[in-house]
Structure formats: C-alpha cells, structure tokens
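Read in order, the letters of the sequence shown are residues 1100 to 1396 in the numbering used here.
Every residue, glycine too, gets a C-beta built ideally from N, C-alpha and C.
Heads up, the thing below is written out as structure tokens.
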Amino acid sequence: MAFEGLTERLQNAIGKLRRKGKVSESDVKEVMREIRLALLESDVNFKVVKDFVKTVRTRAVGAEVLESLTPAQQIVKIVNEELVKVMGEEATPLNKSPKIPTVIMMVGLQGAGKTTTAGKLAKRLKDEQNARPLMIAADVYRPAAVDQLKTIGRELDVPVFEMGTDVDPVQIVKQGMELAKEKKNDYVIIDTAGRLQIDERLMDELVNIKELAQPNEILLTVDAMTGQNAVEVAQGFNDQLDVTGVVLTKLDGDTRGGAALSIRAVTGKPIKFIGQGEKMTALDVFYPDRMASRILG
Ligand code: GDP
1100 MAFEGLTERL QNAIGKLRRK GKVSESDVKE VMREIRLALL ESDVNFKVVK DFVKTVRTRA
1160 VGAEVLESLT PAQQIVKIVN EELVKVMGEE ATPLNKSPKI PTVIMMVGLQ GAGKTTTAGK
1220 LAKRLKDEQN ARPLMIAADV YRPAAVDQLK TIGRELDVPV FEMGTDVDPV QIVKQGMELA
1280 KEKKNDYVII DTAGRLQIDE RLMDELVNIK ELAQPNEILL TVDAMTGQNA VEVAQGFNDQ
1340 LDVTGVVLTK LDGDTRGGAA LSIRAVTGKP IKFIGQGEKM TALDVFYPDR MASRILG
C-alpha cells in the first residue's frame, strides 16, 4: 500500500515521545533526525526534506512543544500542518475557459497514464457538469494509443477525433479543434505522445501543439511509482511547457510516496488529481490535508 513505510516510520519516530512527560530539545532533535531519514527513504526530494525538517524543527523546539504536556501530539500537529503546506494547502480546481471550449492538453512520459487519465477526466466532466467533451488522439507514436483512446471513448460514450498515425500531430490537433468548435463541444482533451524519456523532438512537438491549441490547462501526468524520477520528469516538462497542473497516477500501487510530497515544492505547480486505479472512476481530486492525514496514518 502507498506510504506504508513512511507512515510506520513517522509513527515510530514520534511515538517515542509519547512515553515522556516532558521533552527536551535533544529529544526533539532525535525525532527530527528520524523524520528526516524516513522522508529521504521514501524518495522525497532532498531539498524538500531539508526545508521541511528545518521548519518543523524550528517550530518544535519552541514553547508549543517543549512546554506542552502532550509533546507527541503537538509534534504530530506541526508535522501535519507542514505536510499540508508542502503539498499546496488547498485543492486546486481545473482551469476553465470563459468561452467554450476549455482545452486540456495531457502531457507526460509513455506509460505514465496519460491516455487513461484523459478518459477518466472526460468521464468526470460528463458526470459532474453534464459536459460534452471531445478527445483528440494526437499520440501517433505509441502503437495502439489511438485505438486505446477510441476504446475508452466508446466505453464512455465520448467522441474521439483521430486521423490514424501517419499524420502530423499538430495537424490532427488543428482539425480536431475545428471539429470541436463546429460541434460546440465544451471541453477538448488532447492526448499527446510521450517517450520513454524527455527528448528534444518530443518537446518541440508539444510546444507546437501548445501554441496552436492555446490550452487552458496543461496537465502533466506522472507515475508516482517512479519516485525521485517523477520529480525530475515534472521539472523537465515544466521548464519547457510551463504546465498548469499535475496528475499523480498509480497512487493505488506500492509507491513510497515521495513524489506526492515533492512535486509542488520543486515545480511550484499544484497536483490537481490523483489516479488510484485502472478503472475510469479511479480519479480523485487531490486534497493536501487528506493526503497529509493519509501519510501520518
Ligand atoms: P500513457 O502511455 O501515458 O498514455 O499511459 P496509459 O494511459 O496507457 O497507462 C499505462 C498503464 O498504466 C495502463 O495499463 C493503465 O491502465 C495504467 N494506469 C494508469 N493510471 C493508473 C492508476 O492510477 N493506477 C493504476 N494501478 N494503473 C494506472
């Protein structure tokens, strides 16, 4: 289960204080050392850990904890509050265009879950807002990506615009956007190509699609299972495309969870949704406070 190791280690570290009536500054330092190790071993970005530990330590050696009769609870409270801060405080809603269509461009590495998430989003918009999304199949490199999107479209009863795999993706997006305008779709979700790693050609193509489609939302899909790498990938895409939000997928898996804690702090961009399964319903709004509670167990 996600975060299992982290939760257990945080609980153990803080638990040691529970046996003490009052704690000293050196007790707090010892706990902070363990929290630091727990975070690092859960793949939280080094700099994020450093800043986090510093903030919590400063607060924890203050009167709030040292003079408290329940120091362990106080530390839990501080850690919880700071976790929420690191993850961005509040849930961040999807951007919406003042005039239709709102354009959402999905980007990310191959296998991160872009195509699946495009479908999940379309379903969410349909169910919640009675929206009429159009999905555009612009991933022409991964064999089967177009078919995969078409299958998802059929399952959800959402139209998919495609031109096979031999046409320039920028052209596909152009024609897809024209169709959406003609049919008055209120959302357009563009599924773009990924690669196994970031390369220049991919980025050029994505920049061209961005210029053409002027998306209201560029959602970067990253796989939580890839740990530190997820954060590097997020930084790479953000540098080139200035993404507007992140979808962290596969949080149902056995991830150590570092990406959830690092992405916001490293990129400055909010995690908007989390993927927690392969089914079309398995997409949830990301709430920093709920995630903090889940991490603390
Ligand atoms: P793409 O190459 O980025 O378009 O990736 P896909 O959408 O094809 O997803 C790759 C694999 O990850 C597929 O088998 C998906 O079913 C799976 N997947 C996507 N999101 C999630 C998730 O949140 N949880 C789990 N367990 N699997 C996911």
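Asked                                                                                                    : Found
Beta carbon of V1287 nearer than 8 Å to that of G1275                                                    : yes
Member of S1392, I1394, K1121, V1384 whose CA lies at the smallest distance from the CA of A1190         : V1384
V1346 (DSSP reduced to helix, strand or coil)                                                            : strand
Simplified DSSP assignment, three categories, for A1137                                                  : helix
Helix, strand or coil at V1245 according to DSSP, with G and I counted as helix                          : helix
Cβ pair S1361, N1111 closer than 8 Å                                                                     : no
DSSP three-state assignment for L1302, whether helix, strand or coil                                     : Note that residue 1302 is Met in the sequence shown here, rather than Leu. If DSSP states are grouped into helix, strand and coil, M1302 belongs with the helices.
C-beta contact flag for Q1209 and G1335 at 8 Å                                                           : no
C-beta atoms of M1390 and A1359 nearer than 8 Å                                                          : yes
Cβ neighbour criterion (16 or more within 10 Å) applied to A1243                                         : exposed
V1306 versus A1237: straight-line alpha-carbon distance, rounded                                         : 13 Å
Ordered list of alpha helix (DSSP H) runs contained in the region 1218 to 1289, each at least 4 residues : 1244 to 1255, 1268 to 1282
Contact set for E1188: own chain, Cβ-Cβ below 7 Å, skip 5 residues either direction                      : P1387
Where the beta strand (DSSP E) containing V1160 begins and where it ends                                 : It is not in any beta strand (DSSP E) - V1160 carries neither H nor E in the DSSP assignment.
Span of the beta strand (DSSP E), counted from its first residue to its last, around F1372               : 1370 to 1374
Nearest residue (CA-CA) to V1342, options P1258, V1175, L1311, V1206                                     : V1206
Range covered by the beta strand (DSSP E) that runs through M1205                                        : 1201 to 1207
Which of helix, strand or coil DSSP assigns to L1382                                                     : strand
Spatially closest choice to T1106 from G1263, P1197, E1140, by CA coordinates                            : E1140
heavy atom of the ligand GDP below 7 Å from D1351 C-beta                                                 : yes
Residue from P1369, T1320, G1396 with nearest C-alpha to P1192                                           : P1369
N1284 vs L1233 beta-carbon contact at 8 Å                                                                : yes
Short Cβ contact (8 Å threshold) for T1366 with A1333                                                    : yes
Proximal residues to A1230 (C-beta, below 6 Å), its chain only, five neighbours per side dropped         : L1224, D1285, Y1286
Distance CB(I1203)-CB(P1268) smaller than 8 Å                                                            : no
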